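The next block holds one structure in the form of C-alpha cells; read it before the comments.
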Amino acid sequence: MLTAAHQQCESWAKRHGAVFAPEKYQLIHFTRNRRTAREELTNCIKIAGHTVKGDPIVKLLGVWLDSKLTWGEHIKRACRKGEAASQALGRLATAVWGPTARSTSRLYEATVKPVLLYGAQEWGMRVACEKGTRLKPIEKIQNACLRRATGGYKRTPIAALEKETRTPPIDLQIQAMAEHRTLTTTDHQVENHISTLLAE
C-alpha cells in the first residue's frame, strides 16, 4: 500500500516539478498492541530502489515519536537538553551573586522552559492524563531552576517558589498548551467548514 501511494506521489511530483529523496525516508509502525512482536515493528519496504527499514523511534520536526506514542523517548531527550540549559543557567546565577531573582526567572522562562516543553501542544494531552508520572523529570528541572532564581532552601515548598516567581506548575502549563492547541485546531476546522458552505 505504501509503495502504491508513493507511485501516486511520484506522478504528482513529475507534474509539479518536485523531487523526493527516498534515501531520507523514515518508516515507523504505530501500535499499542502488547502482543506485537518487535520484529514486526522493524518490517521494511522498498521504494524507488531504496530499502526503508522500520524504526521503533523516529524524529519528526524535532519531536521524537515511538511506536506506542507514549512520548517517553521525547521527554527523556528533552530533559537531557533541559538539564544542560539548567546547568548553564546555574553558572550565571546563584543564591549569593548574579542577576536578581526576577531576571533569573525570566532567563529560565526564555531559555530552559522552551527546551523542556517543545512540542507539548502535541504530546501534552496524553502525558497530562497520566497524572504526572512522566512529568517528574521535567518538574525536577523546573524546581531546580526556581531554587536557583530565588535562592530557596532545599526544603522550601515548591508552591512557594512558583508563587514567588509567578511560574505556573509545569503540569498545568502543559495541559493548557495542549488544550489551546486543540481549541485552535477545532476553530480552524469550523472556519474552513463555514467557508466551504458559503462557497457552495
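Quick note on the numbering used here: the sequence shown kicks off at 216 and runs consecutively.
Backbone N, C-alpha and C fix where the C-beta goes; we use that ideal spot for every residue, glycine too.
Just so we're clear, the structure is a prediction, and the values are computed from it rather than from any experiment.
- Nearest to residue 304 by alpha-carbon distance, out of 363, 249, 375, is 363.
- Note that the C-beta distance between residue 294 and residue 352 is below 8 Å.
- A residue is called buried when at least 16 other Cβ atoms come within 10 angstroms of its Cβ; residue 227 does not meet this threshold and is exposed.
- Residue 360 places its beta carbon 8 Å or farther from that of residue 318.
- Residue pairing by DSSP places residue 242 opposite 269 in a beta bridge.
- In this structure residue 289 is buried. Its beta-carbon is surrounded by 16 or more other beta-carbon atoms within 10 angstroms.
- Across the set 322, 327, 275, the C-alpha of 327 shows the shortest separation from the C-alpha of residue 296.
- The C-alpha of residue 287 lies about 18 Å from the C-alpha of residue 329.
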